[in-house]
Each structure stands twice: as structure tokens, then as C-alpha cells.
Amino acid sequence: MRLDKLLEAAEVGSRKQVKRLLISRHVKVDGQVIQIGSFNVDPALQQVTLKDKILEGPAHVYYMLNKPKGAVSAVRDQRHQTVVELISQSDRRHGLFPVGRLDRDTEGLLLLTDNGKLAHQLLGPLKGVIKQYEAVVNEGVTEADVQAFQRGITFHGGVTCQPARLEILSASQAESRVLLSITEGKFHQVKKMFLAVGKKVIYLKRLTMGSLVLDEALSPGEYRPLTSEELTRLQAYFNERSEGND
Ligand code: URA
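Next up, the structure:
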């Protein structure tokens, strides 16, 4: 990983402070002063010190990606760019994968990690992690739809969904903009829920997953590590849920 990213992950200071620490010759790799933030290091193989204190690499990595349209939620793909390929080589870790899946034409919040246990907690069907989406639909969404979503939509074919909260932001006959919160992750769930009430999703973006909220400063295709606060809150969110499920 990049030396500046390692320092940021170790929470030795802000990005600006990390730059200053590097310039003031406080950081060494295997005993040699390094002043370049983009310098690649591997804390498992090298000793990185700040003012002679050893910095361990993070046990796991967690990246918040604003997934762009066109990328597939996979590690490898023969035909399309994958979300893992959007992570720069120096930030990639062995075993890095997306937690769950967004369709190729869906944008928004996607978590990537090399921590399989956390992914399992997030995806476990019993956990009921709330995911909020912003959607644009090709017709007027109505109060009757809001009620139907609240009761629980049944797909054509008989599969029934848990009750979902639908909020209409704007609606005209030609187009509606809505927020939808769901607690499951059925395949193409949002699109199929609207198809069940005779409407088509023409734009879809995930805004939240559990306590994680998409950082709107990230343009589609950009990512950043989760802050320690985000990670702690996410962990607390799971703990509450698992207590609720006992
Ligand atoms: N529901 C969908 O239909 N597509 C997604 O990408 C996510 C949820």
C-alpha cells in the first residue's frame, strides 16, 4: 500500500499532517527516511516507523466505493470492468471483494473489504440490514404504491418481499423520483418490486447500507477507506442486530 495511506490508516493525523510528517523526515522504511507519500510499502515485509515508533499495517481494508454505471460487482470478469479493478493496485489486497452486488447499471454505495467475516454479517439474511436506494421510475408513483410496498410486494411468480418503506420525492405521469428502504437483497429486488406494480426503474443508486452512508464527495468511480468512526458504527449496528436476532 502507499506510505501516506498507511499513515492515514494508522490515524497519525489528517492528510495534510501526514504530508508534513513525511516532509519533516519523521517516517522511515527499514531505517531509511522516505518523504514520498506514494512510495509503496508492505508493513508485513518491511518495518515502517514514525518517530521511531513501529506502525503495523491495518488487519483488514475497507473501502467505500461510489460504484459507477458499467462496472460489475465482481472480482474478475471476462468482458466488463470490475469494481475491484477500480481500486488502485497499491490499495488492493489479496482477497478483496465487494460486499454484495449492485447491478451493472446501478450506481452508488458499495463496500469492498478483505474481511470475509464482516461481509457475512452484512449479507446474512436474518440481519435485516437496511439499504436505502434513490430511484427514478418511468411513471407516476402513487400513494397506493406506497401502501403496497408497506404491505410487502409479491413478485410475478409468487416470491414475497418484506415490507419496505417507499417515499415519493416527486411524481409526474412521465417520471417519479423516490427513496426506497429495503431489508433484503433479492436478485434485482428494487427493479422487480416496481415491475410488480407495473413500473420500470430507469435509474438506481444506493445511498446507504446499515449505518454506512455514501459520501457524496465521491464521484462515480471514486473510493476512499472507511474512517475508524464509520467502521465502529458499522460494528455497533451489527451487534445491535445480532442481539435482536437472538
Ligand atoms: N435492486 C436492484 O434491482 N438492483 C440493484 O442493483 C440493487 C437492488
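If you count the sequence shown from 1, position 199 lands on 202 in our numbering, and the numbers rise without skipping.
Note that the Cβ used here is the ideal one computed from N, Cα and C, for glycine as well.
In this text the structure is predicted, and so the values were computed from the model without any measurement.
Since residue i is in the beta strand (DSSP E), which residue starts that stretch and which ends it?
i	result
Val181	179-185
Arg168	168-174
Val139	134-140
Ile308	A question about residue 308 goes unanswered here, because the residues of the chain that appear run from 4 up to 249.
Arg227	226-228
Lys31	30-32
Lys70	65-70
Val2	This structure cannot settle anything about residue 2, because the visible part of the chain is limited to 4 through 249.
Val282	The question about residue 282 has no answer here: the residues shown for the chain are numbered 4 through 249.
Glu2	Past the boundaries of the shown model lies residue 2; the chain is included only from 4 to 249, so the question cannot be answered.
In whole angstroms, what separates the C-alpha of residue i from that of residue j?
i	j	result
Val15	Ala74	34 Å
Pro228	Met67	6 Å
Lys194	Val204	6 Å
Leu10	Thr109	33 Å
Ala12	Gln81	33 Å
Asp55	Gly98	31 Å
Ile26	His191	49 Å
Arg28	Gln38	6 Å
Tyr226	Pro61	17 Å
Leu129	Thr235	Residue placement at Leu129 is flagged as unreliable, the pLDDT there being 47, under the threshold of 50; a coordinate-derived value is accordingly withheld.
Leu113	Gln49	31 Å
Glu187	Val132	7 Å
Ser91	Pro46	18 Å
Leu6	Val44	6 Å
Thr145	Val102	33 Å
Gly34	Gln124	40 Å
Leu53	Lys70	34 Å
Phe42	Arg23	15 Å
Val216	Leu237	10 Å
Ile185	Gly201	19 Å
Just to check, is the beta-carbon of residue i closer than 7 Å to a non-hydrogen atom of the ligand ZN?
i	result
Val181	No copy of the ligand ZN appears in this structure; the ligands present are the ligand URA.
Go to residue i, then tell me how far its alpha helix (DSSP H) extends in each direction, as first and last residue.
i	result
Leu24	18-26
Met196	192-199
Leu9	6-12
Can you find a C-beta in chain B that's less than 8 Å from the C-beta of residue i?
i	result
Lys203	Judged by its chain identifiers, the structure shown contains no chain B, having just a single protein chain.
Query raised in the report: How would the residue list near the ligand URA read, in chain order, if you kept each one whose beta-carbon is closer than 5 Å to any heavy atom?
Result: Here the list is Leu105, Asp106, Thr109, His191, Gln192, Val193, Lys194.
Is there contact here, the region 141-154 with the region 162-179, by at least three beta-carbon pairs under 8 Å?
Using a C-beta cut-off of 8 Å, the region 141-154 makes contact with the region 162-179, since at least three inter-stretch Cβ pairs fall below that distance.
* **the region 165-181 contacting the region 132-141, beta-carbon criterion three pairs below 8 Å** => With a cut-off of 8 Å, the region 132-141 and the region 165-181 count as touching, because enough Cβ pairs lie within range.
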